[in-house]
Amino acid sequence: MSLHPWNLDLWRELTGDRARLPHALLLHGPRGTGKREFVADLAKWLLCEAPGPEGACDGCKSCGWFDQGGHPDFKLIEPAAEAGKEEEPGKKGGKYITINEIRQLSDFLGLVSHQGGWRVVVIQPAEQLNAAAANALLKTLEEPPANVLIALVAHQPRRLPATVRSRCRKLAVGLPGREQARDWLAGQGMREPMAMLDEVGGAPLLAIEYAEPERLARRARFLAAVAKPSPDGLSRLAQESQQRVDECWGWLTRWLYDLLAVQGNGPVRYFPESEPVLRHLAAKARPASLWQCQQEVVAAGRWLRHPLNGQLLLESWLLSYLDTLEAGNGR
Ligand SMILES: [Zn+2]
């Protein structure tokens with residue numbers, strides 16, 4: 070089974086007494102903590118013919134159907150765009166869950182269970198239910214059929230109508246402790262798990278996404294350019310990053326944070342592998358102008374949502390970083 074170690078306690082709390090399982094569940098918490106995997110495990114376990122205390126048997130007919138994505142007593146509802154569906158031929162699906170999808174849910178719940186046991190519906194991300202769909206769902210939540218579990222998964226539960234939330238049992242999935250997350254990531258073969266965790270705010274599954282090879286290659290190019298900053302090199306970096314200004318901005322703010330930390334004799338937080346370079350550069354930069362540069366770049370982050378020319382923005386930040394280092398030369 071795929072249950073993550075930091076979610077085991079939650080699993081035991083919820084599944085300890087099968088007779089007391091709720092009809093509606095709202096699983097919420099930060100991105101990258103394994104909520105989807107958790108509800109998938111829960112669905113598979115409820116449908117399994119020989120469930121164990123900590124998951125499905127993986128060997129029965131029901132588990133086989135579930136793994137192939139074709140269990141007749143299971144229904145997954147997600148935005149068409151996310152499911153890779155097309156609303157019309159050639160037109161990509163929308164990002165909302167619409168009333169049509171909730172109507173199909175009523176049809177599904179109107180049938181009897183194929184296996185004579187539970188039926189499970191997963192709705193994710195539930196905050197993408199549009200108003201009409203949420204209303205339609207409310208009716209089902211008010212009169213839940215027997216032996217049906219409706220599990221809603223949400224990163225931002227407050228965006229759901231209070232009427233929907235109040236009819237669900239809420240289950241919070243939190244971030245694991247740093248050491249547990251580090252050990253788990255190391256077990257997945259990740260190098261520098263702590264640095265990755267810091268970059269993504271502690272969510273292990275985001276760290277996995279983050280460590281994807283192309284992204285790591287872009288990160289290495291960023292580090293090479295800021296470690297030996299030159300006008301040409303930084304302009305090239307800005308040009309290469311124009312489709313991903315926010316990513317490069319994120320690295321630059323963290324790089325400046327680390328530089329300031331090193332200047333103040335603090336520990337390197339985000340780029341531990343670059344510590345010698347950070348020390349070398351921090352010794353060159355004047356503290357006041359480094360501080361100012363960092364403040365400017367952080368404040369400029371709010372412009373990332375505006376349709377400005379990203380490359381120009383990036384270039385101005387990177388050159389301001391270069392000025393900072395050069396201003397400190399020969400002080
Ligand atoms: Zn099974």
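The sequence shown begins at 70 in our numbering and counts up by one.
We put the CB at the ideal spot given by N, CA and C, even for glycine.
Source: prediction; values computed, not measured.
Do Ala369 and ligand 1 come close, with the Cβ less than 7 Å from some heavy atom?
-> no
Should Glu118 be listed as close to ligand 1, given that the test is whether its C-beta is under 7 Å from any heavy atom?
-> yes
Indicate the three-state DSSP secondary structure (helix, strand or coil) for Phe291 in the structure shown.
-> helix
Return the CA-CA distance between Asn199 and Arg228, expressed in angstroms with no decimal places.
-> 10 Å
Run the proximity test for Cys126: is its beta-carbon closer than 7 Å to any non-hydrogen atom belonging to ligand 1?
-> yes
Using a threshold of 7 Å, is the CB atom of Cys129 nearer than that to any non-hydrogen atom of ligand 1?
-> yes
Among Phe291, Leu388, Ala125, Val337, which has the Cα closest to the Cα of Cys317?
-> Phe291
Evaluate contact between the stretch 235 to 252 and the stretch 206 to 219, counting only Cβ atoms and requiring at least three cross-stretch pairs below 8 Å.
-> yes
So, helix, strand or coil for Leu394, using DSSP?
-> helix
Find out if the Cβ-Cβ distance for the pair Leu245, Ala223 is shorter than 8 Å.
-> Reading off the sequence, residue 245 comes out as Pro, not Leu. In this structure, Ala223 does not lie closer than 8 Å to Pro245 by Cβ.
Considering Ile192, what are the terminal residues of the beta strand (DSSP E) in which it resides?
-> 188 to 192
With C-beta atoms as the reference, is Ala276 less than 8 Å away from Pro262?
-> yes
Is any heavy atom of ligand 1 found at a distance shorter than 7 Å from the C-beta of Cys132?
-> yes
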